[in-house]
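Here the UniProt record's numbering is used: the first residue of the sequence shown is 1, the next is one more, and so on. Note that beta-carbon positions come from the ideal geometry of N, C-alpha and C, so glycine has one too. Inspection log for the structure reproduced underneath, given as structure tokens.
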Amino acid sequence: MDTQNKIKSNREIANDIIRGIFTAAGAVAEIYAIALLFGLAVSPVFILILISGSISIYLFDFLRESKVPSSSESESYKEKFRPLYILPLSLALFFAALIIIYGNIPSIIFAGALLIYGLIYDPVTKSLTKYLPAFKDLYVALGWTLMPALFFLFHSYNFSIAASIFLLFVLSRDFVNVSFCDLKDLISDKYRGLKTVAVESGSNSTFKILQVINLLSVGILILGVIFGDLPSLSLALIIPVVIMISLFGWAKASRNYSPYIVDSEYFLWFVVILIFTKYVAIF
1 MDTQNKIKSN
11 REIANDIIRG
21 IFTAAGAVAE
31 IYAIALLFGL
41 AVSPVFILIL
51 ISGSISIYLF
61 DFLRESKVPS
71 SSESESYKEK
81 FRPLYILPLS
91 LALFFAALII
101 IYGNIPSIIF
111 AGALLIYGLI
121 YDPVTKSLTK
131 YLPAFKDLYV
141 ALGWTLMPAL
151 FFLFHSYNFS
161 IAASIFLLFV
171 LSRDFVNVSF
181 CDLKDLISDK
191 YRGLKTVAVE
201 SGSNSTFKIL
211 QVINLLSVGI
221 LILGVIFGDL
231 PSLSLALIIP
241 VVIMISLFGW
251 AKASRNYSPY
261 IVDSEYFLWF
271 VVILIFTKYV
281 AIF
């Protein structure tokens, strides 16, 4: 694979940027779902923090992974794409400013560590993916799971056992999300020697693994409610998981590995929690 093939077209870059915005919107929907589930308020400032932080990390990683600009390209080509770095840099600075101005000490420290955690993956820790199977999947999933943890810290909410158990559920869903998204990059990741779940297991076995994790996610919710640690409203989130189980069957048959399939789950969280909160008396 030559350098030119590594460079993405303007259309591909635009599509990936749109996907980053969609992912950030999904993160916002997830936070609002969690807030409804636990009866908590969400400040507008935190939403800005969430959006700026997630998009900045996504764009930095995207630009580096896409080789934009590539050192082997002409100066005129590099100048064409170099301004793209202004956006993630500006968003990262905006993220830092909001946290410093409005956050408490624990949230400032945690947010700083979280931002560094996201930014160092591609240049520093990505090499470990060549040696440790599923490292990338778990690393990226954990980064997204820590966003709800920041929500609790920023608002000084009690980080209860219920919150901890729910974050375990979130981690299982984020792991499914990341591993599914890697299916579309299976060939390129294999070429680069990255030992993702998709590369190590192949597409068919990956779907089997993801379906098992889907069932484990359901189990976490049911057991959490049975033992009284999670609110009964948590059971409503079984619906989005079941929808994902069905969609995975379709995705496998059609070989459609669009990230929008799994990213849409977080919007479903908000929708089902909102519906059950307002219209289902049993919860």
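Do residue j and residue i count as a contact pair if the criterion is CB distance below 8 Å?
i: Val176; j: Leu210; result: yes
i: Ser52; j: Leu91; result: yes
i: Phe267; j: Ala29; result: yes
i: Ser217; j: Phe169; result: yes
i: Pro240; j: Trp269; result: yes
i: Leu237; j: Val272; result: yes
i: residue 287; j: Ile245; result: Nothing can be reported for residue 287, as the shown portion of the chain is limited to 1 through 283.
i: Val262; j: Phe180; result: yes
i: Ser172; j: Asn104; result: no
i: Ile100; j: Ile109; result: no
i: Tyr260; j: Phe22; result: yes
i: Leu223; j: Phe276; result: no
What is the DSSP secondary structure of residue i, counted as helix, strand or coil?
i: Pro123; result: helix
i: Val280; result: coil
i: Arg192; result: coil
i: Pro231; result: coil
i: Met103; result: Here the sequence assigns Gly to residue 103, which means Met is not the residue at that position. Coil.
i: Ser172; result: helix
i: Gly53; result: helix
i: Tyr260; result: helix
i: Leu91; result: helix
What does a CB cutoff of less than 8 Å around residue i pick up in its chain, not counting 5 residues either side in sequence?
i: Leu84; result: Ile13, Leu59, Leu63, Val68
i: Phe95; result: Ile49, Ser52, Gly53, Ser56, Ala111, Leu115
i: residue 295; result: The structure shown does not extend to residue 295, since the chain is modelled only from 1 through 283, so no value can be given for it.
Return the chain-ordered list of same chain residues with a C-beta closer than 6 Å to the C-beta of residue i, the five sequence neighbours on each side being excluded.
i: Ser54; result: Ala24, Ala27
i: Phe135; result: Leu128, Thr129
i: Ile34; result: Pro148
i: Glu73; result: With a pLDDT of 49 at Glu73, under the threshold of 50, the predicted position of this residue should be treated as unreliable, and no value is reported.
i: Lys184; result: Tyr257
Among the options, whose alpha-carbon lies nearest the alpha-carbon of residue i?
i: Leu37; options: Tyr121, Phe227, Gly20, Pro148; result: Pro148
i: residue 284; options: Ile47, Leu138, Asp263; result: The structure shown does not extend to residue 284, since the chain is modelled only from 1 to 283, so the question has no answer here.
i: Leu247; options: Arg19, Val178, Phe207; result: Phe207
i: Leu87; options: Ala97, Ile17, Tyr117; result: Ile17
i: Val124; options: Asn204, Leu40, Gly224, Asp61; result: Asp61
i: Ile161; options: Gly249, Lys278, Phe227; result: Phe227
i: Glu265; options: Ile31, Arg11, Asn15; result: Ile31
- Does the stretch 154-165 come close enough to the stretch 133-143 to have 3 or more Cβ pairs within less than 8 Å? no
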